[in-house]
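In the numbering used here, the protein residues as written are 676 to 816.
Backbone N, C-alpha and C define an ideal beta-carbon position, used for all residues, glycine too.
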Amino acid sequence: MSRRGSRWTLDEENWSQPWWIPLTAVVLAAVTWGLLGLVEGGCRTGPRGGCVAAEGYRLNGWVFFLAAMPTYVVVGTGLVTDCWPPALGLTLGGTGCAAYVLTQGRTPAHLAIAGVLLVLAVLAPALTWWRKRRQAASLTP
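Structure follows, in structure tokens:
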């Protein structure tokens, strides 16, 4: 039985599915919201000496913790594939989240987070366009 036709594999057929756009935007929104909670609330020393989220920001810390790994997957996919949906998801999610971050504050931490999100928003479609162009050039005799 071939896994190529499976909907649970990360092959080119699944990377080109339109559900990558909202998935990427939602994952970026979750990790941005969690990170903003840690930036705004700061951290305090925990019972074992580590950094824990301040009172009132614990949910942000948990969301940031839980959204970290999916963020690696969707950002990595958006940057390495030559299909448009993951890249467009990074563009929409990165732009929207950067705007949200800037509405929450203008501290250096806020500006750094917004800057990283905007770089991802520009880099993903640029890399996808470059890969598609290079692929088309290699197919032309």
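With burial defined as no fewer than 16 other Cβ atoms inside 10 Å of the residue's Cβ, what is the status of Trp695: buried or exposed?
Here the question's residue 695 lines up with position 20 in the sequence shown. When all chains shown are included, Trp695 counts as buried.
CA-CA distance, Gly768 and Thr720?
Counted from its first residue, the sequence shown places residue 768 at position 93. Counted from its first residue, the sequence shown places residue 720 at position 45. Gly768 and Thr720: Cα-Cα distance of roughly 32 Å.
Any beta carbon from chain C within less than 9 Å of Ala728's own beta carbon?
Absent from the structure is chain C; it holds one protein chain and no more.
Starting from the Cα of Gln692, find the closest Cα among Ala774, Thr752, Pro760, Gly753 and give me that residue.
What you label residue 692 is simply residue 17 of the sequence shown in a count that begins at 1. Closest option to Gln692, Cα to Cα, is Pro760.
Could you check what DSSP says for Arg808 in three-state terms: helix, strand or coil?
In the sequence shown, residue 808 corresponds to position 133, counting from 1. The answer is helix: DSSP assigns Arg808 an H, G or I state.
Is it the case that the region 751 to 765 contacts the region 697 to 713, given that we only count it when at least three CB pairs across the two stretches are under 8 Å?
Result yes; three or more Cβ-Cβ pairs closer than 8 Å.
Quick check: what's the CA-CA separation for Leu710 versus Val755?
Residue mapping note: residue 710 aligns to position 35 of the sequence shown, counting from 1. Residue mapping note: residue 755 aligns to position 80 of the sequence shown, counting from 1. Spanning the two alpha carbons is a distance of roughly 24 Å.
If we ignore side chains and look at the alpha-carbon of each, how far apart do Thr782 and Val776 end up?
Residue 782 sits at position 107 when you count from the first residue of the sequence shown. Residue 776 sits at position 101 when you count from the first residue of the sequence shown. Straight-line Cα distance between these residues: approximately 10 Å.
Compare the beta carbon distance of Leu703 and Thr746 with 9 Å and say whether it is the shorter of the two.
The residue labelled residue 703 in the question sits at position 28 within the sequence shown. The residue labelled residue 746 in the question sits at position 71 within the sequence shown. Their beta carbons are under 9 Å apart, which means Leu703 touches Thr746 by this criterion.
So which of Ala812, Cys758, Cys772 has the shortest CA-CA distance to Leu802?
Within the sequence shown, numbered from 1, the residue matching residue 802 stands at position 127. Here the closest residue by C-alpha is Cys758.
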